[in-house]
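When you number the sequence shown by our numbering, it's gap-free, plus one each residue, and the end is 560.
Using N, Cα and C, we set each Cβ at its ideal position, and we do this for glycine too.
Let me begin by presenting the structure, written as C-alpha cells, before commenting on it.
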Amino acid sequence: MEGLFPYSSSTNNIANRSCFDSQESSKHHVIIMLIDALRADYVFNRNDSFYLKSIEKFEQNGKALSFKMRSHTPTVTLPRLKALLTGTIPSFWDIIYNYNSSKLELDNILIQYKRKYPLNKIIFYGDDTWIKLFPNDIFYRSNGLQSFFVTDFKEIDLNVTNNLYSELNKMNEWNLLIVHYLGLDHIGHAHGAFNYLIKNKLNEYDEIINSIYSKMTENDILIITGDHGMADKGGHGGSSLVEINIPSVFISHKFNNYKKERKEYFQIDLTATLSGLLEISIPWNNLGILIDDVLENYYSNNKINLLKCLIDDNRRQLYNLLSDKYLSLYYSNDLQLIRDKAIQISNQQDLIKILLSIFIFCSSTIMLWYNIEKNSLFSIIVLIIYYLISGKMLISIGIGVFCFSIIVIVMNKRKKIDYKKKVDNKISNIFLMYYPLLHLISLFSSSFIEEEHQIWYFFLSTYLLLKTIEDKSFKILFMLILSRLIRSWNQTGNKWLHLTDIGDYLNAAENRSYLLIIHIISSIIFIYLLNKPRQYKISYFLPIIVIIYRWNLIG
Numbered sequence: 006m007e008g009l010f011p012y013s014s015s016t017n018n019i020a021n022r023s024c025f026d027s028q029e030s031s032k033h034h035v036i037i038m039l040i041d042a043l044r045a046d047y048v049f050n051r052n053d054s055f056y057l058k059s060i061e062k063f064e065q066n067g068k069a070l071s072f073k074m075r076s077h078t079p080t081v082t083l084p085r086l087k088a089l090l091t092g093t094i095p096s097f098w099d100i101i102y103n104y105n106s107s108k109l110e111l112d113n114i115l116i117q118y119k120r121k122y123p124l125n126k127i128i129f130y131g132d133d134t135w136i137k138l139f140p141n142d143i144f145y146r147s148n149g150l151q152s153f154f155v156t157d158f159k160e161i162d163l164n165v166t167n168n169l170y171s172e173l174n175k176m177n178e179w180n181l182l183i184v185h186y187l188g189l190d191h192i193g194h195a196h197g198a199f200n201y202l203i204k205n206k207l208n209e210y211d212e213i214i215n216s217i218y219s220k221m222t223e224n225d226i227l228i229i230t231g232d233h234g235m236a237d238k239g240g241h242g243g244s245s246l247v248e249i250n251i252p253s254v255f256i257s258h259k260f261n262n263y264k265k266e267r268k269e270y271f272q273i274d275l276t277a278t279l280s281g282l283l284e285i286s287i288p289w290n291n292l293g294i295l296i297d298d299v300l301e302n303y304y305s306n307n308k309i310n311l312l313k314c315l316i317d318d319n320r321r322q323l324y325n326l327l328s329d330k331y332l333s334l335y336y337s338n339d340l341q342l343i344r345d346k347a348i349q350i351s352n353q354q355d356l357i358k359i360l361l362s363i364f365i366f367c368s369s370t371i372m373l374w375y376n377i378e379k380n381s382l383f384s385i386i387v388l389i390i391y392y393l394i395s396g397k398m399l400i401s402i403g404i405g406v407f408c409f410s411i412i413v414i415v416m417n418k419r420k421k422i423d424y425k426k427k428v429d430n431k432i433s434n435i436f437l438m439y440y441p442l443l444h445l446i447s448l449f450s451s452s453f454i455e456e457e458h459q460i461w462y463f464f465l466s467t468y469l470l471l472k473t474i475e476d477k478s479f480k481i482l483f484m485l486i487l488s489r490l491i492r493s494w495n496q497t498g499n500k501w502l503h504l505t506d507i508g509d510y511l512n513a514a515e516n517r518s519y520l521l522i523i524h525i526i527s528s529i530i531f532i533y534l535l536n537k538p539r540q541y542k543i544s545y546f547l548p549i550i551v552i553i554y555r556w557n558l559i560g
C-alpha cells in the first residue's frame, strides 16, 4: 500500500512567518460560504437555467472574481476540507496514521488565525465534520448538523440560514464566519444533478448571497466555494470532471474589475489565498499558490510591497517543502512550477512495491488451499519476522491475507501439498476464493473506501455463517458471536468514531486492570487452542479474529 499511496511528508510544524506584522487584524469580516457538491457549471454554465444568477450579476458589476478550481480525489467531504484548510493533498496513509482521531492536527488556516488573533471570534454553522476536525474551543459559536439524513433538503439548510441571518445582525461580535450548506448535496444524491429541486435550491442560495452582500461593509469579503462536485446521477467520490471541478467566487465592495478570462487553479490554492485575506501565515505544509488577481484587487496598488511579500513568502514556503527532495534549486523561479512539482512528488508511486504486493497477495491466495508440512515453531518465527518487516509496506489486505495463509498452513501441517487434489466445492470455500473480487468491486464506492472495515466485518460474518450451516457446528457459531463482540470493541470509521465503545471503557484509567486481565486470559486461551490438535477447527478461525482486532488498533 505504501507503493500505491505514498506516505505523506507533511509535518506538525507550525508556520510563524507572516507579511502582516501587526497583532491587530484590519477591521474587516471574512465570510466563507461552502456549498456541498457545488459543481463548477452551477456557476459558469450560463446557457442553462441551473446556475447561480447572483454571481453573474456581481461579476458584471465588477464586484466578483470567479475561478474554476480542480480538487483531488477522493472527492468526498472530509479529505476535501483537510485540503482546503491545510493546502495539502490528504492520502490514505493519513487515514491509517490518524485512525483513532478525526481531529485535524496539521497546521491550518484556523489554527493560524487563532494563533495570530486570539481575541478574534470564529463562528461556524453547518456540516458537523468541521466540529470533529476542531473539537476544541476554536469556534466562539457553532452548530454542527449531521449529514446522514440525505432526504432532508430543506430543514438542514434552513437551520444554517437562520443562524447566518442572526449573525449578520451582530457583525460587531465576530471576525470570521463559516457556513457549510448540505441541501444541494442531499438533493443530488436523491434525484440527480438536474432535477427541478436543484434549480430551486440554487435560487435559495442566490437570495442568501444577496442578503450577505447587503450587510457587508467596504472591507468585508465573501468567498463562495464547494468541497467537491457532483456526477450527473448525483453521486461523487470519483475523478470525473464534474466531480473534481468546483467554483470559487470572491465578492467584495472593494473590487472594481470585471474579467471574462477565467484562470484555473487547484483547490489547495485557496489555502494560501485565504491566508493572505485573513492576514495570517501560510500553513507550513501548504502546496498551493496565491491567486494573485484576488489579492491585487483586494489590497489595490497602494500595497504593492505587501503583494510582493506575500508572493515571496509563498515561494519560500514551497521551496522549503521541496528542499528535502533536492529539487528546489531547479524550480525556484516559477511559483506555479514549484507547486506542480510538489504535487507530483506527493503523488509518486513505487512500482516495485506495488508488484511485490500483488505477487504476495496472489501467492497467499493460492497457498490458502493447500497444506504444507513444516516445523511449527520455525514457521511461527518466520511469520513474526515477516510481519514486523513488511507491516508498513503491506499493511492492508496483502499482509492480512498472507498472515492468515501462513497461520492456516502451520495449524494444518499434518498434510503435504497435493496439487492434483480437487478443492472441496463448499459454498464457504467458493466464497473464500472470490472474496478478493468482491472487495475490489467495493472499492468503486467512496463510502466503502471510507468505511472499508465494515466490508471486512461483513465478509467475516458471512463466511462464519456459511461454515456454521455446512458443518452444523456450534463451535463456529460461537466464533461468529465473538466476531460480533470484537466489532463492538472499538468504534472506527468517520460515522461512528465518536461513540463510546468497550475499548473506551477498558482504556479508562480506572479500568486498566480489567484490560490486563482480559489480555492475559485471551492469550492463554489462544495458545491453548493452537496447541490442542483436536481443536484445530476453532484455531482455523482465530487468526481472522486476531487480524480484524489488530485493524481496530485498540489502545
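For residue i: DSSP bridge partner residues
i: R75; result: N250, F271
i: Y186; result: I40
i: R146; result: I128
i: L227; result: I36, I256
7 Å Cβ shell around residue i - same chain, five flanking residues per side excluded
i: Y145; result: K126, I127, I128, W179
i: P95; result: P84, K87, A88
i: N168; result: Y130, N148
i: L5; result: Residue 5 lies beyond the range of the chain shown here (6 to 560); nothing can be said about it.
C-alpha distance - residue i paired with residue j, whole-angstrom precision
i: E64; j: R44; result: 18 Å
i: W556; j: D476; result: Any reading at W556 is ruled out, since the residue's pLDDT is 42, under 50, leaving its predicted position unreliable.
i: N164; j: P441; result: 44 Å
i: E456; j: D232; result: 20 Å
i: R51; j: D190; result: 21 Å
i: L485; j: I251; result: 46 Å
i: E160; j: D297; result: 38 Å
i: I19; j: I217; result: 33 Å
i: M37; j: L282; result: In the sequence as displayed, the identity of residue 37 is Ile instead of Met. Going from the Cα of I37 to the Cα of L282 covers about 11 Å.
i: I474; j: R492; result: 22 Å
i: I229; j: I40; result: 7 Å
i: V48; j: S59; result: 9 Å
i: Q151; j: N261; result: 39 Å
i: I446; j: Y439; result: 11 Å
i: S106; j: I285; result: Its pLDDT being 45, under 50, S106 is placed unreliably in this model, and the value from its coordinates should be taken loosely. Approximately 27 Å, taken between the alpha carbons.
i: F479; j: T467; result: 16 Å
i: E223; j: I116; result: 26 Å
i: G197; j: G239; result: 4 Å
i: N17; j: W289; result: 8 Å
i: L90; j: L295; result: 14 Å
Backbone secondary structure at residue i - three-state DSSP
i: F25; result: coil
i: G405; result: Reliability fails at G405, whose pLDDT of 49 lies under 50, so the model's placement of it is uncertain and no value is given.
i: T93; result: coil
i: A69; result: strand
i: S333; result: Below a pLDDT of 50, predicted positions are generally treated as unreliable, and S333, at 47, falls in that range; no measurement from the model is reported.
i: T222; result: coil
i: A514; result: helix
i: M484; result: helix
i: L520; result: helix
i: A88; result: helix
i: H62; result: Correcting the residue identity first, residue 62 is Lys in this sequence and not His. K62: helix per DSSP, three-state reduction.
i: I526; result: helix
i: L279; result: helix
i: R321; result: helix
i: Q151; result: coil
i: P441; result: helix
i: K431; result: coil
i: V299; result: helix
Beta carbon proximity, residue i to chain D, threshold 8 Å
i: I526; result: In the displayed structure, chain D is absent; only one protein chain is listed.
Close beta carbons around residue i, own chain, < 6 Å, minus the five adjacent residues each side
i: G242; result: P79, T80, V81, S451
i: I432; result: L471
i: I273; result: A88, G92, L292, G293
i: L109; result: L138
i: I523; result: none
i: D162; result: Y186, G188
Own chain partners of residue i with C-beta closer than 8 Å, once the 5 adjacent residues on each side are dropped
i: K119; result: N125, I127, I143
i: Y519; result: L511
i: F199; result: F55, D237
i: R489; result: S466
Residue i Cβ short of 7 Å to the ligand ZN heavy atom set
i: A277; result: By its list of ligands, the structure shown contains no ligand whatsoever, and the ligand ZN lies outside what it can speak to.
task = Any chance you could list the alpha helix (DSSP H) runs of at least 4 consecutive residues sitting entirely within the stretch 169-220, in chain order?
result = Taking only runs of at least 4 residues, the alpha helix (DSSP H) segments lying wholly in the stretch 169-220 are 188-196, 201-220.
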